[in-house]
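Worksheet for the structure shown next.
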Amino acid sequence: MACSQKMTCGMSTRYSLAVLLMGVLIHFLTLRSNFSIIVVAMVKHSPNYEGNGSRENECYANTTENIEYFTNESITPELRASSLYNETEIFRHENSTEHHSQFSWDPVTQGRIIGAYSYGHVFSQVMGGFLEARFGGKKVLGLSILLSSVLTLLTPAAAFAGEWWLFVVRVVVGFVQGVVYPSTFGILSRWSPPLERGRLLAIVTAGETLGVFVGFSLTSNLTTQFGWAVTLYITGVAGLAFCCIWCLLAFDSPSAHPRISAAERKYIESNLETTTKGREIPWLQLFSSPHLWVLIYIHCADGWGFFMMLTCLPLYMDTILNFNIDTNGALSAMPYLTLMASRILFSLIIDLVIKRSGFRKVNIRKTCVLALAGVGACLVAVGHVGCDSTAAIAMLCLATVMSGVMVPGFYPSYTELTLGFSGVAFGISNSVNNCAGFIVPMMVGILTEENQTVAAWQKVFYVSAAISVSGSVMALGFLRTDPVSWAQDPDVDKLFQPARDKLINGVSDREKENCCPVVVYETTV
Numbered sequence: 099m100a101c102s103q104k105m106t107c108g109m110s111t112r113y114s115l116a117v118l119l120m121g122v123l124i125h126f127l128t129l130r131s132n133f134s135i136i137v138v139a140m141v142k143h144s145p146n147y148e149g150n151g152s153r154e155n156e157c158y159a160n161t162t163e164n165i166e167y168f169t170n171e172s173i174t175p176e177l178r179a180s181s182l183y184n185e186t187e188i189f190r191h192e193n194s195t196e197h198h199s200q201f202s203w204d205p206v207t208q209g210r211i212i213g214a215y216s217y218g219h220v221f222s223q224v225m226g227g228f229l230e231a232r233f234g235g236k237k238v239l240g241l242s243i244l245l246s247s248v249l250t251l252l253t254p255a256a257a258f259a260g261e262w263w264l265f266v267v268r269v270v271v272g273f274v275q276g277v278v279y280p281s282t283f284g285i286l287s288r289w290s291p292p293l294e295r296g297r298l299l300a301i302v303t304a305g306e307t308l309g310v311f312v313g314f315s316l317t318s319n320l321t322t323q324f325g326w327a328v329t330l331y332i333t334g335v336a337g338l339a340f341c342c343i344w345c346l347l348a349f350d351s352p353s354a355h356p357r358i359s360a361a362e363r364k365y366i367e368s369n370l371e372t373t374t375k376g377r378e379i380p381w382l383q384l385f386s387s388p389h390l391w392v393l394i395y396i397h398c399a400d401g402w403g404f405f406m407m408l409t410c411l412p413l414y415m416d417t418i419l420n421f422n423i424d425t426n427g428a429l430s431a432m433p434y435l436t437l438m439a440s441r442i443l444f445s446l447i448i449d450l451v452i453k454r455s456g457f458r459k460v461n462i463r464k465t466c467v468l469a470l471a472g473v474g475a476c477l478v479a480v481g482h483v484g485c486d487s488t489a490a491i492a493m494l495c496l497a498t499v500m501s502g503v504m505v506p507g508f509y510p511s512y513t514e515l516t517l518g519f520s521g522v523a524f525g526i527s528n529s530v531n532n533c534a535g536f537i538v539p540m541m542v543g544i545l546t547e548e549n550q551t552v553a554a555w556q557k558v559f560y561v562s563a564a565i566s567v568s569g570s571v572m573a574l575g576f577l578r579t580d581p582v583s584w585a586q587d588p589d590v591d592k593l594f595q596p597a598r599d600k601l602i603n604g605v606s607d608r609e610k611e612n613c614c615p616v617v618v619y620e621t622t623v
């Protein structure tokens, strides 16, 4: 088959689109996650333990030259604590971006600024699903990338103008990026055959982990070398460049793509569930559906742990484990690398299990959500390893391995439950879920203000673990994946299977080999 019929030679068009959507999420998560590192660099350090009753059991930064001194039993606890604190401040000064820090914000203010993004993000989720259904995901996502990149370029000026100006800019950035997930799900509902949905979704959501990795690791290096303001400028310019690539290569559906092969287009369209093109969005049924609210609750339980690590992990690394900014960024990114590997691995396993096993799809989805209980156990363990940074990072990485089951194992439930309304449905769900984006930093700020201790952070991890476990309980009791009646199109539900088989079988054997194996259309769970 000629390469001109595809976006790239050797890759089917739907997988090429998945790579483009992965790029959208890389841009999205980079702009979201890098601010957690940037705020650490922006703030002038003050004594972390002012107001604490005791310091001797807390974690301090050590250097190899002073290990023997610090472990000498002849040194009193008070002198050791004083020396450790002084050493920590010297270590920070020589190995961080202290010379770039220009703002004196307390933990509550930092939490408010970090969480500002989520305030705006909440209110554009449902609108994102509506706009995608009305105008198409290509236009909606393209405009989101453009506006968020421009606002990122304006962020340093807003910071110098005042903390509330910075707060407003971050709220607006969150608002214009709130359309990303619902638009992504809307596009995928038109491009992904049922038995490849988990695999395609895993490719797309790999952009989450890559975006966080770039946001944490690259941001820390750029901030150390050039300062936080230049880091924001570089990120903004990169976003503008990607916006041009997106507008040239992305298309809303197989029928709109000018270079897709006839065989692949026929394969995709003949295997998709009933479409909802031209139908009114059933807002009342969406908001009143108990089955959708079950998905929303599970989504929030998963999202709480995600926001916990996204917004607060760099702060934990800084205030408790006392890593400098370079190490902070690298170690904060490690759990997201394991998350990406986990999603890719489980996407292959879960799709294979659904295709070849005799288990009902809904039971497979429920089993995958049980991973949230494992996430909760790992978060509790992080709080109890204390100052053992190696064990803490290992537990966080294990938590993300378990969380990696959720994307291929649970999130296709939105498309299976609401069919072509999945973009709007996920928009509603993500709107509620993103409330955790500002609740989590606020909770951490309240529990740890003037109390940056291991004990205080243990409370943070206990709350997060309880919420994660409750998601597993909800899934076992109430999760459903078969389409609800109001999502199905009554005008085409009489399409007989023989007619569909004839349509599928009309693809020649040679075309099947060049495109992909034909799968049987699924109508039941």
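Residue numbers (this note's numbering): 99 to 623. Idealized CB from N, CA, C, for every residue including glycine.
Next on the checklist: Per the DSSP calculation, VAL634 is bridged to which residue(s)?
Outcome noted: With the chain covering 99 to 623 only, the question about residue 634 has no answer from this structure.
Checklist entry - Do PHE349 and LYS453 have their C-beta atoms within less than 8 Å of each other? => result no
Next on the checklist: Assess contact between the segment 497 to 510 and the segment 450 to 468, defined as three or more Cβ pairs (one per stretch) separated by less than 8 Å. Is contact present?
Outcome noted: yes
Checklist entry - Nearest CA to the CA of GLY518: which residue from LEU470, ALA257, LEU286 and ARG441? => result LEU286
Checklist entry - What does a CB cutoff of less than 8 Å around PHE273 pick up in its chain, not counting 5 residues either side in sequence? => result GLY218, HIS219, PHE221 and SER222
Checklist entry - Rounded to the nearest angstrom, how far is the Cβ of LEU450 from that of GLU306, given a contact under 8 Å? => result Between GLU306 and LEU450 the Cβ distance is about 23 Å, and since that is not below 8 Å, they are no contact.
Checklist entry - First and last residue of the alpha helix (DSSP H) that includes ILE418? => result First-last for ILE418: undefined, no H or E at that position.
Item to check | GLN586, DSSP secondary structure in three states | outcome: coil
Next on the checklist: Given this structure, state the Cα-to-Cα distance separating GLY474 from PRO356, to the nearest angstrom.
Outcome noted: 47 Å
Next on the checklist: Between which two residues does the alpha helix (DSSP H) holding GLY93 run?
Outcome noted: Absent from the structure is residue 93, since the part of the chain shown begins at 99 and ends at 623.
Item to check | Member of PHE126, ARG578, ARG112 and HIS125 whose CA lies at the smallest distance from the CA of SER387 | outcome: ARG578
Item to check | Helix, strand or coil at ILE565 according to DSSP, with G and I counted as helix | outcome: helix
Next on the checklist: In whole angstroms, give me the CA-to-CA distance for VAL571 and PRO291.
Outcome noted: 30 Å
Checklist entry - For LEU115, is the classification buried or exposed, using 16 other Cβ atoms within 10 angstroms of its Cβ as the cut-off for buried? => result buried
Checklist entry - Using a Cβ-Cβ cut-off of 6 Å (strictly less than) and excluding sequence neighbours within five positions of ASN531, which residues of its own chain qualify? => result Correct list, in chain order: HIS397, CYS398 and GLY401.
Checklist entry - Run through DSSP, which three-state label would ILE135 get? => result helix
Checklist entry - Per DSSP, what kind of secondary structure is GLY213 in: helix, strand or coil? => result helix
Checklist entry - Rounded to a whole number of angstroms, what is the C-alpha to C-alpha distance between ALA497 and GLY525? => result ALA497 and GLY525 have their alpha carbons spaced roughly 26 Å apart.
Item to check | PRO433 in three-state terms, based on DSSP | outcome: helix
Item to check | 8 Å Cβ cutoff met for ILE394 and PHE228 | outcome: In this structure, PHE228 does not lie closer than 8 Å to ILE394 by Cβ.
Checklist entry - Taking buried to mean at least 16 other C-beta atoms within 10 Å of its own C-beta, is VAL278 buried or exposed? => result buried
Checklist entry - Would DSSP call ASP449 helix, strand or coil? => result helix
Item to check | Backbone CA spacing between VAL238 and GLY276 [nearest angstrom] | outcome: 11 Å
Checklist entry - Helix or strand or just coil, what does DSSP make of GLN550? => result Looking at GLN550 - three-state DSSP - the assignment turns out to be coil, as it is neither helix nor strand.
Item to check | Nearest residue (CA-CA) to ASP231, options ASN549, GLY543 and GLY521 | outcome: The residue you asked about is not Asp; residue 231 is Ala in the sequence shown. For ALA231, the nearest C-alpha among the options comes from GLY521.
Checklist entry - Taking the alpha-carbon positions, what's the GLY296 to VAL138 distance? => result 36 Å
Checklist entry - Can you give the Cα-Cα distance for THR161 and ASN420, rounded to whole angstroms? => result Low per-residue confidence applies at THR161: pLDDT is 38, beneath 50, and the placement is therefore not dependable enough to give any value.
Checklist entry - Roughly how many angstroms lie between the CA atoms of VAL224 and PRO280, to the nearest whole one? => result Between the C-alpha atoms of VAL224 and PRO280 there is a straight-line separation of about 8 Å.
Next on the checklist: At the 8 Å Cβ level, is LEU574 part of the contact set with chain D, yes or no?
Outcome noted: Absent from the structure: chain D. Only one protein chain is present.
Checklist entry - Is the distance from the Cβ of THR207 to the Cβ of THR333 below 8 Å? => result no
Item to check | Cβ pair count under 8 Å reaching 3, the segment 249 to 267 against the segment 559 to 567 | outcome: no
Checklist entry - Between ARG288, ALA339 and SER445, which lies nearest to ILE301 when the distance is taken from Cα to Cα? => result SER445
Checklist entry - Within this structure, are the beta carbons of GLY403 and SER527 separated by less than 8 Å? => result Their beta carbons are not under 8 Å apart, which means GLY403 does not touch SER527 by this criterion.
Next on the checklist: Our contact map puts ALA471 next to VAL567 with C-beta atoms below 8 Å; I'd like the distance itself, whole angstroms only.
Outcome noted: 5 Å
Checklist entry - When we look at the beta-carbon of TRP344 and count the other beta-carbons within 10 Å, is it buried (16 or more) or exposed? => result buried
Checklist entry - So which of ILE136, THR513, GLY456 and ASN549 has the shortest CA-CA distance to PHE324? => result ILE136
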